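J.: The UniProt record's numbering applies: residue 1 is where the sequence shown begins, and numbers increase by one. C-beta: ideal position from N, C-alpha, C; glycine also. Treat the numbers as computed from the prediction; the structure is a model and nothing was measured.
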Amino acid sequence: MDPPSRNRCRQQTRQHQRRVCRTTRDASAQSSAGAGERGPTPRSRLSVTGEPAVKRLYPLVRELAADGIPVAVSCRVLKLSRQPYYRWLATPVPEAEVTEAYRANALFDAHQDDPEFGYRYLADEADAAGQPMAVRTAWRLCSDNAWFSVFGKVPAKNGKRPGPPVHDDLCVVIDADGQARHEFHATAVNELWLTDITEHWTDEGKLYMCAIKDVYSSRIVGYSIGPRMKARLAVDALEMAVIRRGGDVAGCVTHSDRGSQFRSKKFTRALSRHGLVGSMGRVGACLLSGYYYHCSRSATHRELSFTA
């Protein structure tokens, strides 16, 4: 045992006082609630009228009342108020919900007849059908039910739409079937370069690498590695490719997708400074063609391992 001390006596005294206060409070609570009387109100929050959880209990009270159990008893056990229950019993569906259902039905009929209309035109059609509403209400109902115009474009994965291309697509050809496809073919070095940005997972997080590949030699002529996918990443890779090829790269076509890094002013200025010709396809065109990864996958990993 620990030797007696002044602090230990004080701790025992405080614990004894807390025990006495707790016992006194419990005894007073038991004495206040007699037989057949309601005990102390619980500390948990009571149900608020209008909440969905409360409305889900009203059908149960109605079924119990049909079985012979008084409404007052059911409401007391479920901790509900009787007046809101009787109001719900008189009108189970509020008038506002009925009005909104009619408006949504009018918008849906107009959308089925003219799927190319937006929510503003749908609101006009619903008004002509006898269901007037604000434009904001029409937008909310159409958005909640996914009633969109067929002419609308699907947003990108990050929520942003890709910007317009800053260069023409010089690698696209039309085949015999009238389909547009890409042909990456070169007869000499420094004639066609492909560039793209890849993402690599490391123990310290994501690592982005922009590589430039010569189509004729199938070699990586320039690359840049960084923790963020910015325009400087593409510019550094381009500068490295120009230096490794001796600076005489005027007229070389540099093909990329419509990424923001390749549409930036920094990258376009670098192309003009070295006399390179920009070529830009659809979003992810280099990735969709498969040519970039098929020829440069091993080289990219080799350069990445060497740099690490």
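List the endpoints of the continuous alpha helix (DSSP H) containing Val-77.
T.: It spans 71 to 78 - the alpha helix (DSSP H) in which Val-77 sits, taken as one unbroken run.
J.: Within 10 Å of its beta-carbon, does Trp-147 have 16 or more other beta-carbons around it, so buried, or fewer, so exposed?
T.: So Trp-147 counts as buried.
J.: Go through its chain and collect everything with a Cβ distance to Met-280's Cβ below 8 angstroms, but skip five positions before and after it.
T.: Contacts found: Pro-165, Val-166, His-167, Asp-168, Asp-169, His-255, Ser-256, Asp-257, Arg-258, Phe-262, Arg-263.
J.: Quick one: give me the first and last residue of the beta strand (DSSP E) that Asp-196 is part of.
T.: Where Asp-196 is concerned, the enclosing beta strand (DSSP E) stretches over 192 to 202.
J.: Buried or exposed: which applies to Gly-222, given that a residue is buried once 16 or more other Cβ atoms fall within 10 Å of its Cβ?
T.: Classification of Gly-222: buried, given that the 10 Å Cβ count is 16 or more.
J.: Among the residues of its own chain, which have a CB less than 6 angstroms from the CB of Thr-242, if the five just before and after it don't count?
T.: Checking the displayed sequence, the identity of residue 242 turns out to be Val instead of Thr. Correct list, in chain order: Val-249, His-274.
J.: Report all residues from its chain with a CB closer than 8 angstroms to the CB of Phe-151; omit the five preceding and five following residues, and keep chain order.
T.: Counting only Cβ-Cβ distances below 8 angstroms, and skipping sequence neighbours, we find Glu-116.
J.: Given a cut-off of 8 angstroms, decide if Leu-207 and Thr-220 are closer than it, judged by their beta-carbon atoms.
T.: According to the sequence shown, residue 220 is Ile rather than Thr. Not in contact: Ile-220 and Leu-207 (Cβ atoms no closer than 8 angstroms).
J.: Might you give, ordered along the chain, the residues of its own chain that have their beta carbon closer than 8 angstroms to the beta carbon of Cys-171, omitting 5 neighbours on each side?
T.: Around Cys-171: His-182, Glu-183, Phe-184, Leu-192, Val-253, His-255, Ser-279, Gly-281.
J.: How would you call Val-215, buried or exposed, if buried means at least 16 neighbouring beta carbons within 10 angstroms?
T.: The residue is buried, with at least 16 neighbouring Cβ atoms inside 10 Å.
J.: Sort out for me which residues DSSP pairs Ser-256 with in a bridge.
T.: For Ser-256, which the question treats as bridged, DSSP gives the partners Met-280.
J.: Exposed or buried, which one is Gln-131 when buried takes at least 16 other CB atoms within 10 Å?
T.: Buried, by the Cβ-count rule.
J.: Alpha carbon to alpha carbon, how far is Cys-142 from Thr-268?
T.: For Cys-142 and Thr-268, the distance between alpha carbons rounds to 41 angstroms.
J.: Quick check on Arg-82: buried or exposed, where buried means 16 or more other Cβ atoms within 10 Å of its Cβ?
T.: So Arg-82 ends up on the exposed side.
J.: Helix, strand or coil, according to DSSP, for Ala-101 in the structure here?
T.: Three-state result, Ala-101: helix.
J.: Out of Asp-109, Asp-127, Gly-178, point me to the one whose CA is closest to Asn-145's CA.
T.: Comparing Cα-Cα distances from Asn-145 to each of Asp-109, Asp-127, Gly-178, the minimum goes to Asp-109.
J.: Here's the rule: buried if 16 or more other CB atoms are within 10 angstroms of the residue's CB, otherwise exposed. What is Lys-213?
T.: Lys-213 comes out buried.
J.: Going by Cα to Cα distance, which pick from Ser-272, Glu-100, Ala-270, His-200 is closest to Trp-139?
T.: Checked all of Ser-272, Glu-100, Ala-270, His-200; the closest Cα to Trp-139 is Glu-100.
J.: What is the rounded straight-line gap between the Cα of Val-77 and the Cα of Tyr-102?
T.: Taking the straight line joining both Cα atoms gives about 37 angstroms.
J.: Can you give the Cα-Cα distance for Cys-210 and Ala-188, rounded to whole angstroms?
T.: So the two alpha carbons sit approximately 23 angstroms from each other.
J.: According to DSSP, is Leu-207 helix, strand or coil?
T.: Strand, per DSSP.
J.: Considering only C-alpha positions, which residue in the set Arg-244, Leu-271, Trp-201, Gly-205 is nearest to Val-235?
T.: Taking only the C-alpha atoms, the option nearest Val-235 is Leu-271.
J.: With DSSP run on the structure shown, which of helix, strand or coil describes Asp-214?
T.: Here Asp-214 sits in strand by DSSP.
J.: First and last residue of the alpha helix (DSSP H) that includes Ser-143?
T.: Unbroken alpha helix (DSSP H) run through Ser-143: 135 to 144.
J.: Excluding the 5 residues preceding and the 5 following Ala-237 in the sequence, name in chain order all residues of the same chain whose CB lies nearer than 8 angstroms to its CB.
T.: Taken in chain order, the residues that qualify are Thr-195, Cys-210, Ala-211, Ile-212, Gly-222, Tyr-223, Ser-224.
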